[in-house]
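Remarks on the structure that follows.
There are 2 protein chains.
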Amino acid sequence: MSKTPDRARDTYHVGNLAPQLMSAARAMLEEVGPVKLSLRAVAERVGVSPTAAYHHYANRAELIGHLAAQGFNELAAALADRNGHGQATETLRQSTLTYFRFARSNPALYQLMFGAEFSTGEMIPALLAARERAFFELRSTMAEVLQSPHDSPEVRRAARAAWSFTHGLASLVIHGVLQIPSNVTEERFFEGSLQGLEYLFKAGDGDGA
Amino acid sequence: MSKTPDRARDTYHVGNLAPQLMSAARAMLEEVGPVKLSLRAVAERVGVSPTAAYHHYANRAELIGHLAAQGFNELAAALADRNGHGQATETLRQSTLTYFRFARSNPALYQLMFGAEFSTGEMIPALLAARERAFFELRSTMAEVLQSPHDSPEVRRAARAAWSFTHGLASLVIHGVLQIPSNVTEERFFEGSLQGLEYLFKAGDGDGA
DNA sequence: ACCTGAACACCGTTCAAGT
DNA sequence: ACCTGAACACCGTTCAAGT
């Protein structure tokens with residue numbers, strides 16, 4: 003009876019504050035966007051003073067850094083659980099589509115993951131590691147598609163290319179530069195964009211280059 | 003003698019404050035980045051009170067909105083002055099490389115142009131118009147490459163695809179996700195990435211799809 | 001060990017003035 | 001018409017406390 007308070011009331015400290023701050027931040031992120039997400043507001047949401055957050059995260063950058071790391075870990079997990087058997091084209095299409103869908107499902111998180119909030123070189127190790135994990139999955143997929151070693155130049159370039167294309171498309175859609183017409187599904191839009199690449203390559207074949 | 007002061011001294015107002023604020027903002031943008039660029043600091047740089055800026059721009063969003071518009075106009079101009087004669091592959095390569103170089107030459111401006119600072123739908127008309135101009139040039143290039151009408155679905159998809167790929171690559175490099183090795187030129191890096199796409203398409207051809 | 005309150009520097013923005 | 005000064009609300013961050 004004395005250990006667990008029978009009803010919620012103002013407690014001096016909450017206990018596992020760090021994860022609570024994270025989930026509050028995660029929720030607010032999609033509400034207010036990556037730029038306006040403030041440490042003070044996150045603390046207030048949890049019902050704690052702003053300074054309390056500083057006992058768990060060094061500063062705002064570290065807090066949102068962990069948020070972004072969470073995003074990359076989820077992305078890596080999504081890319082990892084592909085079913086490896088299938089034709090090369092199918093594997094490629096499925097993986098990039100998974101990526102595209104992840105970005106569209108978490109637009110603010112995705113913007114944070116690749117946003118300008120993190121000045122180059124000012125990223126926490128957890129974020130860098132998570133990003134590497136996501137990139138590793140992408141390269142594994144490309145190795146599978148090309149049937150080449152994970153470290154070969156071909157696979158490296160293919161991963162770079164696939165990532166650029168998919169990230170670019172996702173960014174432009176999230177940012178509102180490109181709009182998916184209401185009568186077109188996410189999947190068809192994505193495939194139309196892939197076809198655009200084909201057109202360009204065919205045009206290149208035809209001119210004698 | 004009375005019209006033009008013989009030496010610079012504290013004048014009550016400066017005259018053409020708007021363009022001065024813009025160029026100060028442009029300079030500071032690449033110094034502090036798109037997130038930390040503040041209206042107050044810009045005003046101070048010009049030597050004017052923060053409130054003075056509000057007589058020329060409605061708020062910070064409008065100020066940086068014009069900055070981003072400037073960026074899109076410069077990008078459009080860079081894409082426009084291509085020499086139209088040449089093989090399709092060459093035209094495509096040159097245009098996308100021009101795009102890539104523009105982004106790399108103005109990293110903070112580029113991040114601002116596509117950044118999360120502008121919540122969807124909160125963009126000034128000048129910015130939307132400038133962005134359309136840039137996109138128009140890209141589509142013109144694709145129409146030339148594909149030898150198809152500017153409004154055809156093929157050209158639309160190709161422009162979307164080319165833009166996604168180039169924007170994605172530029173973003174990842176600027177953000178530091180991808181690093182160009184010091185012994186590799188910008189151009190070779192770009193071409194290596196293009197080759198990555200080819201590998202993937204060839205793999206697709208080979209599997210009987 | 002974990003949290004609070006007061007304080008500082010900075011920011012965007014507004015409003016009543018000044019020239 | 002164009003600019004300033006004081007003020008407000010918000011922010012990140014620090015420091016001296018409290019339990």
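Each protein sequence line maps, in turn, to chains A and B. Under the numbering used here, the letters of the first sequence match residues 3 to 211, in that order. Under the numbering used here, the letters of the second sequence match residues 3 to 211, in that order. Ideal placement from N, C-alpha and C gives every residue a C-beta, glycine not left out.
Local conformation of residue i per DSSP, three classes
i	result
B:D83	coil
A:V157	helix
B:A118	coil
A:E33	helix
A:L180	coil
B:M24	helix
B:H58	coil
B:K38	coil
A:I126	coil
A:N75	helix
B:P220	The question about residue 220 of chain B has no answer, for chain B in this structure spans 3 to 211.
A:S150	coil
B:T168	helix
A:G17	coil
A:G1	Absent from the model: residue 1 of chain A. The displayed extent of chain A is 3 to 211, so no value can be given.
A:V50	coil
B:T187	coil
Minimum C-alpha distance to residue i - residue among the options
i	options	result
B:L129	B:F138, B:H169, B:E64	B:E64
A:Y59	A:S166, A:L19, A:G49	A:L19
B:V175	B:A70, B:M30, B:R103	B:R103
A:G73	A:S154, A:H57, A:L31, A:E193	A:L31
B:Q22	B:V37, B:E33, B:A54, B:K38	B:A54
B:L39	B:L114, B:H57, B:A163	B:L114
B:P155	A:H68, A:N185, A:Y201	A:Y201
B:F120	B:D153, B:W165, B:L69, B:Y101	B:L69
B:A131	B:A71, B:Y101, B:E124	B:A71
A:R62	A:M125, A:L199, A:E33	A:M125
Inter-residue Cα distance where the pair is residue i and residue j
i	j	result
A:V48	A:A26	7 Å
A:L140	A:V179	25 Å
A:P52	A:I66	15 Å
A:Q149	B:G35	41 Å
A:A82	A:F138	9 Å
A:F160	B:A45	As written in the sequence, residue 160 of chain A is Ala, which differs from the Phe given in the question. Rounded to whole angstroms, A:A160 to B:A45 spans 46 Å at the Cα level.
B:Q181	A:R133	14 Å
B:T122	B:S97	28 Å
A:P127	B:V147	44 Å
B:T143	B:R135	13 Å
B:L99	B:E189	7 Å
B:F227	A:V50	Because residue 227 of chain B is not part of the residues shown, which for chain B are 3 to 211, the question remains open.
B:G17	B:R42	19 Å
B:V37	B:A118	9 Å
A:H177	B:A163	16 Å
A:Q197	A:S184	20 Å
B:L94	B:F192	12 Å
B:S195	A:V157	11 Å
A:P151	B:W165	29 Å
B:Y2	B:Y112	With chain B covering 3 to 211 only, the question about residue 2 of chain B has no answer from this structure.
A:A217	A:R84	Nothing about residue 217 of chain A can be reported from this structure: the residues present for chain A run from 3 to 211 only.
B:M24	A:D153	47 Å
A:L199	A:R28	35 Å
A:T187	A:E33	24 Å
A:Y56	B:Y56	35 Å
Proximity test, residue i beta-carbon vs the ligand NAD heavy atom, cut-off 7 Å
i	result
A:W165	The ligand content of the structure shown is nil, which means the ligand NAD is not present either.
Worksheet item: Taking contact to mean at least 3 C-beta pairs separated by less than 8 Å, is the region 60-77 of chain A in contact with the region 103-114 of chain A?
Response: yes
Item to complete: Inspect the CB distances between the region 89-97 of chain B and the region 199-209 of chain A and report whether three or more fall short of 8 Å.
Response: yes
Practice prompt. Could you please tell me which residues of the region 182-195 of chain B, in chain order, have their CB closer than 8 Å to any CB of chain A?
Written response: G194, S195
Practice prompt. Pull out every residue of the region 86-115 of chain A whose Cβ sits closer than 7 Å to any Cβ of chain B, in chain order.
Written response: Answer set for the region 86-115 of chain A: Q89, A90, T91, L94, Q113.
Worksheet item: According to a CB-to-CB cut-off of less than 7 Å, which residues of the region 61-73 of chain A neighbour chain B?
Response: none
Practice prompt. Count the C-beta pairs between the region 156-174 of chain B and the region 158-174 of chain A that are closer than 8 Å, then say yes if the count reaches three, no if not.
Written response: The region 156-174 of chain B is in contact with the region 158-174 of chain A.
Discussion item. Against chain B, which members of the region 31-42 of chain A pass a CB distance test of less than 7 Å?
Written reply: G35, P36, V37
Item to complete: Give, in chain order, every residue of the region 121-142 of chain A whose Cβ lies closer than 9 Å to some Cβ of chain B.
Response: S121, T122, G123, M125, R133, F137
Practice prompt. Output, in sequence order along the chain, the residues in the region 164-180 of chain B whose CB is closer than 8 Å to any CB in chain A.
Written response: A164, W165, S166, F167, T168, H169, G170, L171, S173, L174, H177, G178, V179, L180
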